[in-house]
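Data block below; observations after.
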Amino acid sequence: MRFQVLVDRSERVNKCTILPLAGHKDLDIVRYNRGQPLAALTGQLLLHPEGLPLDEWRGGTDQGSAVVSLSAIDCTWKRLHTVLSFIAKPLPTLVGIPQGFVTAYPRRNKLDKDPDSGLATIEAVFIAAAMLGHWDLTLLSRYAFAAEFLRLNKATFEHYKAAPALWPFAIN
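Numbering (our numbering), first residue to last: 2 to 173.
Below, the structure written as structure tokens:
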């Protein structure tokens with residue numbers, strides 16, 4: 002499965018969950034400048050908080066196995082609408098992460114304006130891939146909170162039947 006993630010050029014590697022994966026064989030990182038037009042996204046699906054949850058999108062069928070590419074945008078939730086306005090249309094089908102998944106990423110917002118729930122971008126990409134039948138621990142290989150993320154979400158992955166039969170806790 003291929004992944005395309007748009008990341009603001011001002012994003013710092015030490016705070017970003019995607020940039021440490023530069024060079025990953027299945028990941029295309031596209032750096033963008035705020036306020037400048039962007040080419041069309043290459044994914045068949047686009048992760049979006051208002052998209053149809055992947056468990057509903059799949060509808061109990063094997064649609065997920067037909068998906069070979071997924072796009073995501075790495076930005077704060079309040080900037081998403083603005084970033085989307087600069088992307089060439091049409092957008093891919095919007096899909097979201099089903100209820101129940103939680104982040105392991107430590108949040109530090111002085112203004113307390115984050116939504117009640119939310120995920121780090123790499124967590125959302127990993128979950129989406131798993132929901133589509135592509136359990137790929139290499140996506141978490143450079144995520145400092147990977148083991149905690151898997152621990153926190155073990156039951157949720159199992160609930161959605163999105164985890165392999167042998168639950169992997171080892172992160173290389």
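The C-beta atom is built at its ideal place from N, Cα and C for all residues, glycine as well.
Measuring straight from C-alpha to C-alpha, what distance separates residue i and residue j?
i, j, result
"Ala40", "Glu57", "29 Å"
"Ala147", "Gly52", "25 Å"
"His160", "Val8", "31 Å"
"Ala121", "Tyr106", "6 Å"
"Asp75", "Leu42", "13 Å"
"Ala73", "Arg32", "12 Å"
"Val6", "Lys16", "16 Å"
"Arg143", "Pro99", "24 Å"
"Thr62", "Met2", "Here the model assigns Thr62 a pLDDT of 48, short of 50, so the residue's position is not dependable and the matter cannot be decided."
"Leu85", "Trp78", "11 Å"
"Ala145", "Leu20", "13 Å"
Can you tell me which of the options puts its alpha carbon nearest to the alpha carbon of residue i?
i, options, result
"Asn179", "Pro54, Thr104, Val6", "Past the boundaries of the shown model lies residue 179; the chain is included only from 2 to 173, so the question cannot be answered."
"Leu71", "Arg80, Ser86, Ile123", "Ile123"
"Val68", "Ile74, Ile88, Pro93, Val84", "Pro93"
"Gly44", "Lys90, Cys76, Thr77, Thr83", "Lys90"
"Arg80", "Pro99, Tyr106, Lys162, Asn34", "Asn34"
"Pro165", "Tyr144, Leu138, Lys26", "Leu138"
"Leu133", "His25, Leu20, Ala163, His82", "Ala163"
With a 10 Å radius around its C-beta and 16 neighbouring C-beta atoms as the bar for buried, classify residue i as buried or exposed.
i, result
"His49", "buried"
"His177", "Shown here, the chain extends from 2 to 173; a query on residue 177 therefore has no answer."
"Val14", "exposed"
"Thr18", "buried"
"Gly36", "exposed"
"Ala125", "buried"
"Ala131", "buried"
Under 8 Å Cβ to Cβ from residue i, same chain only, skipping five residues before and after it: list those, please.
i, result
"Leu174", "The structure shown does not extend to residue 174, since the chain is modelled only from 2 through 173, so no value can be given for it."
"Val96", "Leu46, Leu47, Leu48, His49, Gly52, Leu53, Pro54, Leu55, Trp58, Ala129"
Considering only residues of the same chain and omitting the five flanking positions on each side of residue i, which have a CB-CB separation below 7 Å?
i, result
"Thr157", "Gly101, Phe102"
"Gly119", "Trp78, Thr104"
"His25", "Thr139"
Near residue i, what residues of its chain come up, given a Cβ to Cβ distance below 6 Å and the 5 sequence neighbours on each side ignored?
i, result
"Leu28", "Phe4, Leu22"
"Pro38", "Phe87"
"Arg179", "This structure leaves residue 179 out entirely; the chain is present only between 2 and 173."
Starting from residue i, trace the beta strand (DSSP E) in both directions and tell me its first and last residue.
i, result
"Val103", "Val103 -> no beta strand (DSSP E), and no H or E assigned at all."
"Ser72", "70-75"
"Ile30", "28-33"
At what residues does the alpha helix (DSSP H) containing residue i begin and finish?
i, result
"Arg152", "147-160"
"Ser122", "A small correction: the amino acid at residue 122 is Thr; Ser does not occupy that position in the sequence shown. 122-132 is the extent of the alpha helix (DSSP H) around Thr122."
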